[in-house]
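Q:
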Amino acid sequence: MKKFMNRRSSILLAAVGSIALISGYAVVPAQAAGPITFWHIQSTGTGPKLIQDAVDRFQADNPGVKVEVSPIANDAFKDKIKVAVGADNAPCIFPSWGGGPLNEYVKAGAVIPLNSYLKKDNYKDRFVPASWSNVTFGGATYGIPVENSSIAVIWYDKKIFAKYKLKTPKTWPELLTVVKTLNTNKVAPFTLGGASKWPSIMWYDYLADRIGGDAFAKAALRTGGSFTDPAFIQAGKMLQDLVKAGGFIKGFNGLNYDNGQSAAPLLGGKAAMYLMGNWLYGDFVGAKRTGDFGFFPFPSVPGGKGDATNVLGTVGDNYYSISSTCSDKANAFKVIQYLIDDKSVTARIAEGRIPPVKGLTLTDPNTIALNKMIANAKGVQLWWDQYLPPEFGELHKNEVQKLMGLGTTPEKMAAAQEALAKKILD
Amino acid sequence: MSKKYDPLKPNFRTLAWMLGPSIVLLCTYLIWPIIESFRLSLFDWNGLDKSQKYSGFANWNELIHDSLFWLSVKNSFILLIVALLIQIPLGLSLAILLYRGGTRFRFFKMTYFFPGLMSTVAIAILFKQIFDYNYGLLNQVLQSLNLDFLMQDWLGDKKLAIFTVALLVCWQYTPYYMLLFLAALNGISSDVEEASAIDGATNWKYTRFIQIPLIKGAIVTAVTLITIGSLKYFDLIWVLTAGGPESSTEVMASYLYQMAFKSYRVGYASTIASALFLIVFLTAIFISRATRKVREA
């Protein structure tokens, strides 16, 4: 019996000892008005410097406050932030694209409304009005637009267009003619990062906008619309017709965006065009070939209800939000203000970006043209996968990939999207 | 304790001190998460909300009718079958060849093991470029050899992609099993080889009737490892294709990840995780039963 007691007590002791050992490492220090933790995804090129310079200026003016900056790679961030928020361990300041995913954080009470901060000194008026729609939910604003304005345009190789005497198309039939000419001359009309999925939805989302006008808003906000609206079916049909007409480079559904695979045919002269965000310009800068490429807006569709000046994209992302677990929210907001103060704006313009504030002085002709396009746009539609809840965004991306691989029909795709919309949006 | 310490008869206190920490760690990081994911499979939860909504067996019901999940199960088993059909025979042949070659083949021993030394993510990124339809090394080589008809859209063709991936997995893992078999072959006493030579066994007969039967334990181990490894395979596929195109390379683990981290459906992802656990567990039991005769003979 004595032996038994000994066994039991020793097991207990071992267990307690190990728990102490583990928890010794796992216990998170209690949050006093501690350092302001700050995650961002400006992790490539001069991105980290842009952020660090602003934070340094903040710290020079606020010597008592400590800011811990962590640059994180884009895709890694998306998963990491989710785990951190779910574990109540979110950084004070973190970026987002606004829209559906940010709304998930809003609904979970993980981020704070910034209205009171924005009212002070009319700070809100500093920004382009179009920049707020993606971060405003139920009248409250949860993010500050900082980094850039991104819209999808059609980039084209000027030399190829000159060689075959092509004009940049203004309408869909004109685009089809260009596609035909290029195909007869054995140049792939468009390249596309189909494996990454999000480049493909730009096609569908633009077509749906040009054809259906406010059909998407009605379907997404459930105000009498449906994803089975004829406009969406027609968008699917026209996109599949373009695929069948050889509009895209062979193997496009195997090309990734991230590793430069999908842009390679455009830079290498194998493909003549790429519907992509204006950030693709960075690739031309990198290749020192900015003069070889130009862009034009997505063409209009005859008979379509959508305004041809509408653009797909976002004004102001990344947005920065403050987590509800942050111990020093007032200073966190101040840090964000330094990110988009006049010095930061000048530094971002020098990088070819378009910060979402009013009264910019731009010099680069490409940036000026883009800025004009954004200013003249009747509407800016955020990428659907960012606008809608994540589950819908994923389905949409998968369905468009399937549509362009001719693995589904426009009708089936519409039905699948409407079924999910009924489940999670109604 | 008054008893004299005897190292050959470890007392309970020693055992407890030595095993305790690892038992606690195993429970914290292995047993508890498994139980927790079973529990979460009964909830509707996005991974962010403070509250988890109990939904009974709704997730399980959805899973049974989810054609994408069954497609991912099918793809996981394609990976498994291709792995068994290629890795075992190829690994075994290479091991026997290298064993025969002895020290003369040391160069090849090292070279053949190279794929096993590379990080999976590096392999995935590298092969993304190699399999590129327009600029990829593979198609360029085929073209320069005038074998244009063999050029394929290796990762973009939905019928082909899963096999491209499966073959790449074989390329990556065959060296491990080659090494495992080689070690087992080296474990056979040279007396056996001499005796069989005296009895007039040819090379083939020696391999067929002596070497292979003597290393069957290693072969069974390899089959089990391949089974478990293939069914829960994730990293290479996630970086290489992310389950695409058109879900044609979706496997159970990538589908799970997609649901948890891309679609914010942690409850449903837990259901997939639990199903994955059950499928791997049952298959492992089946393999163990099926190979019992071989092991015990």
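Chains A and B are the protein sequences, given in the same order. Going by my numbering, 354 is the number at position 354 of the first sequence; the sequence numbering is gapless. Offset between the second sequence (1-based) and my numbering: plus 426. For glycine and all other residues, C-beta sits at the position ideal for the given N, C-alpha and C. It should be emphasised that the depicted structure is a prediction, and the values quoted were computed from it without experimental measurement.
Report the option in 190/A, 390/A, 140/A whose CA atom is closest to the CA atom of residue 116/A.
A: On the first sequence, residue 116/A is found 116 positions in, with the first residue counted as 1. The shortest Cα separation from residue 116/A among 190/A, 390/A, 140/A belongs to 140/A.
Q: From what residue to what residue does the alpha helix (DSSP H) around residue 558/B run?
A: Counting from one through the second sequence, the residue named residue 558/B turns up at place 132. Neither: residue 558/B is in no alpha helix (DSSP H) and is coded neither H nor E.
Q: Tell me the residue span of the alpha helix (DSSP H) that contains residue 157/A.
A: By 1-based counting over the first sequence, the position of residue 157/A is 157. Careful: residue 157/A lies outside any alpha helix (DSSP H), inside the beta strand (DSSP E) at 149 to 157.
Q: List, in order along the chain, the chain B residues whose C-beta lies closer than 9 Å to that of residue 85/A?
A: Here the question's residue 85/A lines up with position 85 in the first sequence. What residue 85/A touches in chain B: 473, 474.
Q: Does the Cβ of residue 637/B have 16 or more other Cβ atoms within 10 Å, making it buried, or fewer, making it exposed?
A: Taking the first residue of the second sequence as position 1, residue 637/B is located at position 211. Counting Cβ neighbours within 10 Å, residue 637/B comes out buried, since at least 16 surround it.
Q: List, in chain order, every chain A residue whose beta-carbon is nearer than 8 Å to that of residue 684/B.
A: Taking the first residue of the second sequence as position 1, residue 684/B is located at position 258. Residues of chain A passing the Cβ test: 394.
Q: Residues in the same chain with beta-carbon distance under 7 Å from residue 203/A, minus the five sequence neighbours each way, listed in chain order, please.
A: For the purposes of this step, residue 203/A is taken as the residue at position 203 of the first sequence. Once the five neighbours on either side are set aside, the close Cβ partners of residue 203/A are 239, 275.
Q: Under 7 Å between beta-carbons, which chain A residues line up against residue 673/B? List them in chain order, please.
A: Indexing the second sequence from 1 puts residue 673/B at position 247. Ordered by position in chain A, the residues that pass the 7 Å Cβ test against residue 673/B are 398.
Q: In whole angstroms, what is the alpha-carbon distance linking residue 679/B and residue 665/B?
A: On the second sequence, position 253 is the one that residue 679/B refers to. On the second sequence, position 239 is the one that residue 665/B refers to. Approximately 13 Å between the Cα atoms of the pair.
Q: Given that residue 418/A touches chain E, what residues does it touch there, using C-beta distances under 8 Å?
A: The chain inventory of the structure shown lacks chain E, comprising the protein chains A and B.
Q: Near residue 250/A, which residues of its chain fall below 8 Å by C-beta distance, leaving aside the five closest residues on each side in sequence?
A: If you number the first sequence from 1, residue 250/A lands on position 250. Excluding sequence neighbours, residue 250/A sits near 188.
Q: Please state the DSSP three-state secondary structure of residue 351/A.
A: What you label residue 351/A is simply residue 351 of the first sequence in a count that begins at 1. Three-state DSSP puts residue 351/A in coil, outside helix and strand.
Q: Taking residue 712/B as part of the alpha helix (DSSP H), name the residues at either end of that continuous run.
A: Within the second sequence, numbered from 1, the residue matching residue 712/B stands at position 286. Unbroken alpha helix (DSSP H) run through residue 712/B: 692 to 716.
Q: Rounded to whole angstroms, what is the Cα-Cα separation between residue 228/A and residue 700/B?
A: Within the first sequence, numbered from 1, the residue matching residue 228/A stands at position 228. Within the second sequence, numbered from 1, the residue matching residue 700/B stands at position 274. Whole-angstrom Cα-Cα distance: 35 Å.
Q: Would you kindly work out how many angstroms separate the C-alpha atoms of residue 438/B and residue 456/B, rounded to a whole number?
A: The count along the second sequence starts at 1 and reaches residue 438/B at position 12. The count along the second sequence starts at 1 and reaches residue 456/B at position 30. Rounded to whole angstroms, residue 438/B to residue 456/B spans 24 Å at the Cα level.
Q: Would you grab the beta carbon distance between residue 262/A and residue 256/A for me? Rounded to a whole angstrom, and I think it's under 8 Å.
A: Residue numbering aside, residue 262/A sits at position 262 when the first sequence is read from its first letter. Residue numbering aside, residue 256/A sits at position 256 when the first sequence is read from its first letter. Yes, they are in contact, since the Cβ atoms of residue 262/A and residue 256/A sit about 6 Å apart, within 8 Å.
Q: Under three-state DSSP, which class holds residue 25/A?
A: Residue numbering aside, residue 25/A sits at position 25 when the first sequence is read from its first letter. For residue 25/A, the predicted model reports a pLDDT of 39, less than 50, meaning its position is unreliable and no value from the coordinates is stated.
Q: Report the option in 689/B, 585/B, 703/B whose CA atom is closest to the CA atom of residue 460/B.
A: As a first step, residue 460/B must be located in the second sequence, where it is residue number 34. Residue 460/B has its Cα closest to that of 703/B, out of 689/B, 585/B, 703/B.
Q: Look at the alpha carbon of residue 676/B and the alpha carbon of residue 581/B, and state the distance between them as a whole number of angstroms.
A: As a working mapping, residue 676/B is identified with position 250 in the second sequence. As a working mapping, residue 581/B is identified with position 155 in the second sequence. Going by the C-alpha atoms only, they are around 13 Å apart.
Q: Is the Cβ of residue 405/A closer than 7 Å to any Cβ of chain B?
A: Working through the first sequence from its first residue, we reach residue 405/A at position 405. Yes, residue 405/A counts as interfacial toward chain B.
Q: Find the nearest neighbour of residue 369/A within the set 281/A, 134/A, 181/A, 128/A, judged by alpha-carbon distance.
A: Here residue 369/A refers to the residue found at position 369 of the first sequence. Comparing Cα positions, the closest option is 281/A.
Q: Is the number of C-beta pairs between the region 685 to 699 of chain B and the region 598 to 612 of chain B that are closer than 8 Å three or more?
A: Judged by Cβ distances under 8 Å, the region 685 to 699 of chain B makes no contact with the region 598 to 612 of chain B, as fewer than three pairs qualify.
Q: Have a look at residue 177/A and residue 156/A and give me their C-alpha separation to the nearest angstrom.
A: For this step, residue 177/A is matched to residue 177 along the first sequence. For this step, residue 156/A is matched to residue 156 along the first sequence. Each residue's alpha carbon lies about 15 Å from the other.
Q: Counting only beta-carbon separations shorter than 7 Å, does residue 251/A have a partner in chain B?
A: As a working mapping, residue 251/A is identified with position 251 in the first sequence. Yes, because at least one Cβ of chain B sits closer than 7 Å to the Cβ of residue 251/A.
Q: Are any of the Cβ atoms in chain A nearer than 7 Å to that of residue 482/B?
A: Taking the second sequence and counting its residues from 1, one reaches residue 482/B at position 56. Cβ-Cβ to chain A under 7 Å: no for residue 482/B.
Q: Could you list the residues in the region 551 to 574 of chain B with a C-beta less than 8 Å from some C-beta on chain A, going in chain order?
A: Those residues of the region 551 to 574 of chain B that come within reach of chain A (Cβ to Cβ, closer than 8 Å) are 551, 554, 555, 557, 558, 559, 560, 561.
Q: Mind checking the region 65 to 98 of chain A against chain B and listing, in chain order, the residues whose C-beta falls within less than 7 Å of any C-beta there?
A: Cβ contacts with chain B: 79, 82, 85, 86.
Q: Between residue 579/B and chain A, is there a C-beta pair that is closer than 7 Å?
A: Taking the second sequence and counting its residues from 1, one reaches residue 579/B at position 153. Yes, residue 579/B counts as interfacial toward chain A.
Q: Taking the alpha carbon of residue 541/B as the point to measure from, which residue in 590/B, 597/B, 640/B has its own alpha carbon closest?
A: Reading the second sequence from its first residue, position 115 is the one you call residue 541/B. Here the closest residue by C-alpha is 597/B.
Q: Hey, is residue 391/A's beta-carbon within less than 7 Å of any beta-carbon in chain B?
A: As a first step, residue 391/A must be located in the first sequence, where it is residue number 391. With 7 Å as the cut-off, residue 391/A counts as an interface residue toward chain B.
Q: With a 10 Å radius around its C-beta and 16 neighbouring C-beta atoms as the bar for buried, classify residue 480/B as buried or exposed.
A: Within the second sequence, the letter at position 54 stands for residue 480/B. With fewer than 16 other Cβ atoms within 10 Å, it is exposed.
Q: Tell me the rounded alpha-carbon separation between residue 393/A and residue 501/B.
A: Locating residue 393/A in the first sequence gives position 393, counting from the first residue. Locating residue 501/B in the second sequence gives position 75, counting from the first residue. Whole-angstrom Cα-Cα distance: 24 Å.
Q: Can a CB atom of chain B be found closer than 7 Å to the CB of residue 108/A?
A: Along the first sequence, read from residue 1 onward, the residue named residue 108/A stands at position 108. Answer yes: the Cβ-Cβ gap between residue 108/A and chain B drops below 7 Å somewhere.
Q: Is residue 120/A near the ligand ATP, judged by its Cβ being under 6 Å from some heavy atom?
A: Absent from the structure shown: the ligand ATP. Ligands present: none.
Q: Using the beta-carbon of each residue, which ones in chain B are nearer than 9 Å to residue 194/A?
A: The count along the first sequence starts at 1 and reaches residue 194/A at position 194. Near residue 194/A (Cβ distances below 9 Å), the residues of chain B are 582, 670, 671.
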